[in-house]
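Asks: According to my numbering, the sequence shown is numbered sequentially starting from 71.
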Amino acid sequence: MRNQPSVSLDEAREIIAGGEKKAQEIGQPANIAVVDAGGNLVAHARMDGAWLGSVDISINKAFTSRAFDIATADLAENAQPGAQFFGIHASNHGRVMIFAGGLPLKHEGTVVGAVGVSGGTGEQDQTIAEAAAAAFRPAG
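1) Considering only the alpha carbon of each residue, which of S78, I85, R165 and V185 lies closest to A141?
2) Going by DSSP, name the residue or residues bridged to D106.
3) Given a cut-off of 7 Å on the beta-carbon distance, is the pair D139 and P174 in contact?
4) If V182 sits next to A199, beta carbons under 8 Å apart, how far is it from one beta carbon to the other, in whole angstroms?
5) Do you know offhand how far G108's Cα is from I96's?
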């Protein structure tokens, strides 16, 4: 059996901390989720004041980003009417999110997980997700 590299709990906590810091800087409370290489939730934080309805969205943005190894904003561009992935949001039992704020996490060129952020505008979610992803420091 081969072990696939994956985001650890400690790494997920650092990723979330990076996102929380940016969310505080821009004044937008958010939900921040981190999934592992299998798309399974490793950690989630709902900042004080973040929308309850965005909990599920943040988790699903992280899942989507890992499931397709793509930023959710980029997937969204290809999911518009007439585009190659139109209707993809209905796949995977409705878990696919085509809003900005989901990013794959890579280590040595391999996707090892993803982060998903929800709670603000698409631009705010993306900004927070980018800060969270930048805080990823893979061990080993």
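We put the CB at the ideal spot given by N, CA and C, even for glycine.
Since the model is a prediction, treat every value here as computed from it, not as a measurement.
Replies: Result, derived from the coordinates:
1) Counting from 1 along the sequence shown, the entry for residue 141 is found at position 71. Ranking the options by Cα distance to A141, first place goes to V185.
2) Your numbering for residue 106 matches position 36 in the sequence shown. The partner list for D106 (beta bridge, DSSP) reads G183.
3) Taking the sequence shown and counting its residues from 1, one reaches residue 139 at position 69. Taking the sequence shown and counting its residues from 1, one reaches residue 174 at position 104. Yes, the pair counts as a contact, with Cβ atoms nearer than the cut-off.
4) Taking the sequence shown and counting its residues from 1, one reaches residue 182 at position 112. Taking the sequence shown and counting its residues from 1, one reaches residue 199 at position 129. That belief does not hold up - the Cβ atoms of V182 and A199 are roughly 16 Å apart, past 8 Å.
5) Position 38 of the sequence shown, counting from 1, holds the residue named residue 108. Position 26 of the sequence shown, counting from 1, holds the residue named residue 96. Cα to Cα, the separation comes out at about 31 Å.
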